[in-house]
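Colleague: According to this note's numbering, the sequence shown holds residues 121 to 250 in order. Cβ atoms here follow ideal geometry from the backbone N, Cα and C, with glycine treated the same way. A quick note: this is a predicted structure, and the numbers were derived from the prediction, not measured.
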Amino acid sequence: MLDEEDLKKTITAPFDQVLERVTAALAAQGFGVLTRIDVQETLRQKLGVEFERYQILGACNPPLAHRALEADREVGLLLPCNVIVYDCGEGRTAVAIFDPMSLAATEAGAHLADVAREARAKLVRVVAEL
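(1) Could you name the residues of the same chain whose beta carbon sits closer than 7 Å to that of L122, not counting the 5 residues immediately before and after it, in chain order?
(2) So what does C180 bridge to, in DSSP terms?
(3) Given a cut-off of 9 Å on the beta-carbon distance, is the pair V215 and T130 in contact?
(4) For the candidate residues F135, V195, L146, whose alpha-carbon lies nearest to that of A248?
(5) Can you check whether the CB of Y174 is closer than 9 Å to the CB of D192?
Take a look at the structure:
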C-alpha cells in the first residue's frame, strides 16, 4: 500500500504564502505550473456559491512527462499532475499532490513505474520543503 501522507501537509500559514511556497518548491524540483484553476472564483461565477480559497495547480516536469508519454501516449489523460492548495481556516492551509505511483499501480501501467517513482520522489521533496 502506498503511503500518501508524504504527499499531503497542513501548514500554519496564510493561503497566499503557501501558494507561493508550493510554486517555488515545485520549480526547485523541475516542475512548472501549466494551469491554475481558482475553484473559489469558478464556483462564485458559475453557481453563485461561496467556497473557501481553493486552487488546483497543474504541475509538469517536462523531462518526466516526455518519458511517460514515450512509454504510453495515453498517460496524457493523467497529465499534468494536480496539486491542490486550500484554506482550512484559522490561519491554516492544506496542500495535497496526486500520487504519480497510482499510474503504475495497475498491471496496464506497470511500464510507467520507473518514471512514476522518480516523479513521486520529487513531489515528496516538494511537500517536505513546505
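Modeller: The relevant details are as follows:
(1) For the purposes of this step, residue 122 is taken as the residue at position 2 of the sequence shown. Unreliable positioning characterises L122 in this predicted model, as indicated by a pLDDT of 43, which lies under 50. The coordinate reading is nonetheless provided below. Taken in chain order, the residues that qualify are D219, M221.
(2) Here residue 180 is taken as the residue at index 60 of the sequence shown, counted from 1. Its beta-bridge partners are G152.
(3) Working through the sequence shown from its first residue, we reach residue 215 at position 95. Working through the sequence shown from its first residue, we reach residue 130 at position 10. Against a cut-off of 9 Å, the Cβ pair of T130 and V215 comes out as a contact.
(4) As a working note, residue 248 is residue 128 in the sequence shown. The residue among F135, V195, L146 with its C-alpha nearest the C-alpha of A248 is L146.
(5) As a working mapping, residue 192 is identified with position 72 in the sequence shown. As a working mapping, residue 174 is identified with position 54 in the sequence shown. Contact check for D192 against Y174 fails: the beta carbons are separated by 9 Å or more.
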